[in-house]
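Read through the structure below, which is laid out as C-alpha cells, and then see the notes.
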Amino acid sequence: RASDAAMTANLLAYGFAKRHGVVLLSTPSIMTLDNEEARILVGQEVPITTGEVLGDSNSNPFRTIQRQNVGVQLEVKPQINAGGGITLFLRQEVSSVAGPVSVGSSELIINKREIETTALVDDGDIVVLGGLLDQQETVSVQRTPLLSDIPGLGALFRSTARERGKINLMVFIRPRIIRSVTDARNVTAPRYDYMRNLPAMTTPDGDNSLDAVIRDYLRTAPPTAVAPAPVASGPIAAVPPAPVTTAPLTPR
7 RASDAAMTAN
17 LLAYGFAKRH
27 GVVLLSTPSI
37 MTLDNEEARI
47 LVGQEVPITT
57 GEVLGDSNSN
67 PFRTIQRQNV
77 GVQLEVKPQI
87 NAGGGITLFL
97 RQEVSSVAGP
107 VSVGSSELII
117 NKREIETTAL
127 VDDGDIVVLG
137 GLLDQQETVS
147 VQRTPLLSDI
157 PGLGALFRST
167 ARERGKINLM
177 VFIRPRIIRS
187 VTDARNVTAP
197 RYDYMRNLPA
207 MTTPDGDNSL
217 DAVIRDYLRT
227 APPTAVAPAP
237 VASGPIAAVP
247 PAPVTTAPLT
257 PR
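The sequence shown begins at 7 in this note's numbering and counts up by one.
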C-alpha cells in the first residue's frame, strides 16, 4: 500500500558561477515516512544579537542573542498518491555569513536564498527547483603607499579593478519510494560503499574503520545490496528434424 511506504529524497545544490563552471554545494539525502515532515541541515549555528539593555550608569550592557542556522537546509513533507506519484512540500534554503554590518560591529549580514514550493513528481524522477540568480560586484584598489596620496599625481600610482559575477543556484531533487526492506537495503548499500571506499576510512593495518564501527558497536554486519533473484528457466528440449522422404513420380 502507498501509505505504508517510506520515501528518500536526494538533493543536489549546484552553483553556476560565471565562467568557472559548476560548483557542487551539497548533496544531502534524507529518508522519511509518508506524510511526515523531515528536515536536514548542513551548516552551523551563528549567534545573532537581537537586543541590548544598558545598566543604571549606561555600563555593563546586557545583550540578548538568538542563534540562527546558516548553511544548506532542506525541509520536505511527501504525500504518496495512489497512482505512485509523490506530492512534495519543499523548503530549500542556502545561506551564508557575508560579514559584519560595519567595521567593529557585532551585527552580521546573512546572505540567504530560499525556495518554498509544492511539486508533483513520479517515483525516481528528478524535479528542478530554481534558479536563484545572484549578481555580485567586487571592487579592489591597489596603491603605492605615500605616492598614491600626492594630489594630481597620486592617480598614477593607484589602480582600481571591478569584477562582476553571476551565480545561478539550481536545486535538483530526486524522490524514491521505499516499498520493502529490499528497497531500503539497495538505497543504503551504495552510500555505505561510497564512504567505505574513501582513503581516510582505511587504517594502516589495512582494515576498514567503518566496518569496525558497524561490527563492534552496532553488533551487525555491514549493509549490502540485495542481488536480484535469478530468473528460473525450464530445460531446453531438443526437437529432432522430421525425416524427409521422396517417392518417384508416376507417369500419367
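Backbone N, C-alpha and C fix where the C-beta goes; we use that ideal spot for every residue, glycine too. Predicted, not measured: the structure shown is a model, and the values here were computed from it.
Query, Result
"DSSP state of residue 108 mapped onto helix, strand, coil", "coil"
"Whether residue 118 touches residue 99 by CB criterion (8 Å)", "yes"
"Any 3 or more C-beta pairs closer than 8 Å across the region 36-48 and the region 71-87", "yes"
"Proximity of residue 74 and residue 115 at Cβ, strictly below 8 Å", "no"
"Touch test, the region 180-191 against the region 126-137, Cβ-Cβ under 8 Å, three pairs minimum", "yes"
"Candidates 149, 141, 157, of which the one nearest residue 170 by Cα", "141"
"Reduced DSSP category for residue 128 - H, G, I as helix; E, B as strand; rest coil", "strand"
"Residue 202 versus 186, 191, 220, residue with shortest Cα-Cα distance", "220"
"C-alpha distance - residue 151 paired with residue 109, whole-angstrom precision", "22 Å"
"Burial state of residue 72, where buried means 16 or more other Cβ atoms lie within 10 Å", "exposed"
"Residue 89 and residue 47 closer than 8 Å at C-beta", "no"
"Proximal residues to residue 154 (C-beta, below 7 Å), its chain only, five neighbours per side dropped", "160, 163, 164"
"Residue nearest to residue 148 in terms of C-alpha spacing, selected from 134, 135, 167", "167"
"Limits of the alpha helix (DSSP H) - the one that residue 192 falls within", "187-202"
"Per-residue DSSP class, three states only, for residue 173", "strand"
"Identity of the residue in 124, 95, 69, 135 nearest residue 113 by Cα", "69"
"Residue 87 in three-state terms, based on DSSP", "coil"
"Chain-order list of residues whose beta-carbon lies under 6 Å from that of residue 228 (same chain, five-residue window excluded)", "217, 220"
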